[in-house]
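A.B. asks:
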């Protein structure tokens, strides 16, 4: 059962990645070209999933949307990891006032959901893909810092670190050789979960008009556009909605699966 | 048909855990008459707690229980949960090992005792509180009114164990199962609680299944003692006979370690292994159990941790 | 006591940090607020006039302190567009959002508590797997998509309830309720799905506790023992989770308000973004962050009510 979940997660993530890669080379139709006479076509041939209110092929938009969703996810999660993990390690290794300062700053950022940050940034700089990525990334930093700090504290209390310290390994050596390899798996699990949340956040931001502006298709903007014809052509909204749900489900299952894989004690059979 | 029936009859009780069916208890049989007391002795993992939990019907869901457990002649195995629940805390009750954690930390202890009463008797007459105070008084808690209004964390270990005892006895059960009830207590408190237990069991005329790893403790409560090892009963005899003429080598070791006062000063203290070596144990295990049952000591311990702390 | 003073200190520091962040992003980084407010085609003279009017020509730290002082005394600034105090705009919107968030959390708990309990008790049976699968699905569905689907079914197809809009409670309680049902349900379903796994693991933990076994031993059935002795004990960890989830619920509420056209804080905020009404954005975000922090502080104190061990320790006997 657990194994099945992990594989389902991997399969869904692979599907999104495949869609994104394919969209780089080929889409059935031009995902940007407006064709007024082909508005709101139902699914069929040649438009497999139909067309939207501008007469743009929905499948083509979905493929390109996968690219945008992955792009925002990768950049924002990388930003959060690259900033959050070292900060958490620093707090865990240094302790004392350093830890206090890092964790208090982390608290401040934690009080800001990605959406509020995105609203602030959009107000200041205008809404764009970049503001969305920065907002999501910054809002995710505290989660990584906390995971890294907790992991570091655990590693620092272990016997092998004590042995390394007594044999004269310095701080950086311990951080590089012992702490980082031990907290990397934790950070990996966190990254997978954060990716799922980033996809949701990105979709919400573009749906609210705070993310990637038109004409670049994202799943969120597709839903936003589809809302105008929702009672007459609900399928138009169902496709991007389904795409978001499956991508999020994939990354969540992947994260759960990795966590179980790393920590067998958490497996169902044994409590 | 008027046949005198035993209170409890356990026949060929076998308990296995998990998909791999790791065997924790193997073909255990024993009987208890009303008012009779039986001690079960054995080391951690010998299956004594699992046996007790099987009688109570409180084993984890992944336990496969076979054999027979008859209560006043009626089979308990396979009975619906609801019927078993009606029996528990009422006709048979249990006292656990850990007084520190066995009480709900968020509820006043008086309410927890009263709960056991109300659950089976109802509180139409409003007598639960009076009965609670009476019970707390009976288990030797001075100022029972005040204790009843305390939270568990405000009481000492001995006090808590007395509260648990009061919970177990509040409905006048026919059988009280005590699982290492004094192990977590100080030695001085231990003696007092054992004395009290003996007293209330006599007063209530309740039968008792007393589990311990300590022969000296068991013999204070029960005259009959059953020795368990690796899930099997290796010996059953009156306590004084076990002391004077232990049969099984493992029992000999237990007795020797229980009578450390007999060791001349300066000599090395005896261990069970002096009498019953790991090798002979492995041999008998290989003889007794099927190959699957031997699926790793680590896993076996894990399963025990889940079921109880035997 | 020292512990609470420390909590209070952290609260103050966090609030201060949050105010700096908000002020920095909206006031300092973009360069010229006046230009932003008026748009790129405004004449330099008008921009200059506006700068003077808002005191934007004065040094930043001074402006920050003034703004902070205003926030602390309940003066969140004045809307550039409507010329109304920001607090006067927040007031009526707050009522809408508070209803939505409050009822939404209540609904989420009504969904997550029973479902999580089933998932814990039946974790080796199909019921447990089914609950887990549904929770995973619920967590994956974006709140706005969920809202759209609910509107489609209950307003579009069945025609039972209005798809959007709001009527204040005092004007017409029946219409108020009819307009809130779908948004609250949307928020409750999505947040409930997130909560299920926390409820489940809190209860699974209770199942392995000794006091749960004691409760079973005195004659409670598994479900009854969990209800009687599990809920209060699980509540300690659940309250923490709900506190942490609060900002997520708030974000969900903002999106839901947008989907259903509810004139709450989210609506106010998103409109202000659309119209570049910076002072409203600044004030409303500050207010929301303040609300999140205050509620989190209250969560800390609620442990006292739930767990007697946290209260003053006294030895009896």
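Protein chains in written order, with the working numbering: chain A, 22 to 292; chain B, -1 to 308; chain C, 30 to 346.
Glycine included, every Cβ here is placed at the ideal spot set by N, Cα and C.
Out of A/89, A/99, A/63, which one is the CA nearest neighbour of residue 232 of chain A?
C.D. replies: A/89
A.B. asks: With residue 96 of chain A and residue 154 of chain A assumed to form a contact (beta carbons below 8 Å), what rounded beta-carbon distance in angstroms separates them?
C.D. replies: 5 Å
A.B. asks: Do residue 192 of chain A and residue 114 of chain A have their C-beta atoms closer together than 9 Å?
C.D. replies: Their beta carbons are under 9 Å apart, which means residue 192 of chain A touches residue 114 of chain A by this criterion.
A.B. asks: So what does residue 335 of chain B bridge to, in DSSP terms?
C.D. replies: Any answer about residue 335 of chain B is impossible in this case: the structure gives chain B only from -1 up to 308.
A.B. asks: Please go through the same chain and pick out, in chain order, the residues whose beta-carbon is closer than 8 Å to the beta-carbon of residue 106 of chain B, but skip the five residues on each side of it.
C.D. replies: 146, 147, 148, 149
A.B. asks: Going by C-alpha to C-alpha distance, which of C/122, C/248, C/220 sits closest to residue 140 of chain C?
C.D. replies: C/220
A.B. asks: Which first and last residues belong to the beta strand (DSSP E) in which residue 129 of chain C is found?
C.D. replies: Per DSSP, residue 129 of chain C belongs to no beta strand (DSSP E); it is in the alpha helix (DSSP H), 115 to 150.
A.B. asks: Helix or strand or just coil, what does DSSP make of residue 92 of chain B?
C.D. replies: strand
A.B. asks: Which same chain residues, not among the five before or five after residue 229 of chain C, have their C-beta less than 6 Å away from its C-beta?
C.D. replies: 145, 148, 149
A.B. asks: Hey, is the stretch 34 to 42 of chain B in contact with the stretch 199 to 217 of chain B, meaning 3+ C-beta pairs nearer than 8 Å?
C.D. replies: The stretch 199 to 217 of chain B and the stretch 34 to 42 of chain B touch, with three or more beta-carbon pairs separated by less than 8 Å.
A.B. asks: In angstroms with no decimal places, state the Cα-to-Cα distance between residue 350 of chain C and residue 95 of chain C.
C.D. replies: Only positions 30 to 346 of chain C appear in the structure, and residue 350 of chain C is not among them; the question remains open.
A.B. asks: Of the residues B/249, B/232, B/231, B/230, which one's Cα is nearest the Cα of residue 238 of chain B?
C.D. replies: B/249
A.B. asks: Exposed or buried, residue 172 of chain B, counting other C-beta atoms within 10 Å across all chains shown (16 or more means buried)?
C.D. replies: buried
A.B. asks: Does the structure place the stretch 192 to 201 of chain C close enough to the stretch 283 to 290 of chain C that three or more beta carbon pairs sit under 8 Å?
C.D. replies: yes
A.B. asks: Please check the pair residue 40 of chain C and residue 322 of chain C, which I expect to be a contact at CB under 8 Å, by giving their CB distance rounded to whole angstroms.
C.D. replies: Residue 40 of chain C to residue 322 of chain C, Cβ: 6 Å. Contact.
A.B. asks: Roughly how many angstroms lie between the CA atoms of residue 182 of chain B and residue 266 of chain C, to the nearest whole one?
C.D. replies: 28 Å
A.B. asks: Are residue 165 of chain C and residue 273 of chain A touching if we call contact CB-CB under 9 Å?
C.D. replies: yes
A.B. asks: Please classify residue 179 of chain B as buried or exposed, where buried requires at least 16 other C-beta atoms within 10 Å of its C-beta.
C.D. replies: A residue is called buried when at least 16 other Cβ atoms come within 10 angstroms of its Cβ; residue 179 of chain B meets this threshold and is buried.
A.B. asks: Cα-Cα, which of C/336, C/83, C/337, C/315 is closest to residue 52 of chain C?
C.D. replies: C/315
A.B. asks: To the nearest whole angstrom, what separates the beta carbons of residue 205 of chain C and residue 198 of chain C, a pair I think is in contact under 8 Å?
C.D. replies: Yes, they are in contact, since the Cβ atoms of residue 205 of chain C and residue 198 of chain C sit about 5 Å apart, within 8 Å.
A.B. asks: To the nearest angstrom, report how far apart residue 280 of chain A and residue 227 of chain B are at their CA atoms.
C.D. replies: When the Cα atoms are used, residue 280 of chain A and residue 227 of chain B turn out to be separated by approximately 38 Å.
A.B. asks: In chain B, which residues lie less than 7 Å from residue 246 of chain C when you measure between Cβ atoms?
C.D. replies: 54, 56, 86, 87, 91, 92
A.B. asks: My parser needs the beta strand (DSSP E) runs of 3 or more residues fully inside the stretch 55 to 100 of chain B; what are they?
C.D. replies: 61 to 69, 90 to 93
A.B. asks: Where do the ends of the alpha helix (DSSP H) carrying residue 254 of chain B lie?
C.D. replies: 247 to 256
A.B. asks: Check whether the stretch 124 to 138 of chain C touches the stretch 299 to 306 of chain C, counting contact only when three or more Cβ pairs, one atom from each stretch, lie closer than 8 Å.
C.D. replies: No: fewer than three Cβ pairs fall under 8 Å.
A.B. asks: Using the DSSP secondary-structure output, state which residues sit across from residue 78 of chain A in a beta bridge.
C.D. replies: Its beta-bridge partners are A/72.
A.B. asks: So with CB distances below 7 Å, who are the chain C contacts of residue 248 of chain A?
C.D. replies: Against chain C, the beta carbon of residue 248 of chain A has neighbours under 7 Å at 177, listed in chain order.
A.B. asks: One question on the structure: do residue 96 of chain B and residue 336 of chain C come within less than 9 Å of each other, judged by their Cβ atoms?
C.D. replies: no
A.B. asks: According to a CB-to-CB cut-off of less than 9 Å, which residues of the stretch 163 to 174 of chain B neighbour chain C?
C.D. replies: 165, 166, 168, 169
A.B. asks: By the 7 Å beta-carbon criterion, what residues does the stretch 138 to 150 of chain A contribute toward chain C?
C.D. replies: 140, 141, 142, 143, 144, 145, 146
A.B. asks: Would you verify that the beta carbon of residue 254 of chain B is, or is not, closer than 9 Å to some beta carbon of chain C?
C.D. replies: Judged by the 9 Å Cβ criterion, residue 254 of chain B is not in contact with chain C.
A.B. asks: Taking 9 Å as the CB-CB cut-off, is residue 101 of chain A touching chain C?
C.D. replies: no
A.B. asks: Which residues, taken in chain order from the stretch 60 to 82 of chain B, show a beta carbon closer than 8 Å to some beta carbon of chain C?
C.D. replies: Correct list: 60, 79, 80.
A.B. asks: Under the DSSP definition of a beta bridge, which residues are partnered with residue 156 of chain C?
C.D. replies: DSSP, once it has assigned bridges, lists no residue as partnering residue 156 of chain C.
A.B. asks: If you draw a straight line from the C-alpha of residue 217 of chain B to the C-alpha of residue 223 of chain B, how long is it?
C.D. replies: One Cα belongs to residue 217 of chain B, the other to residue 223 of chain B, and the distance between them is close to 8 Å.
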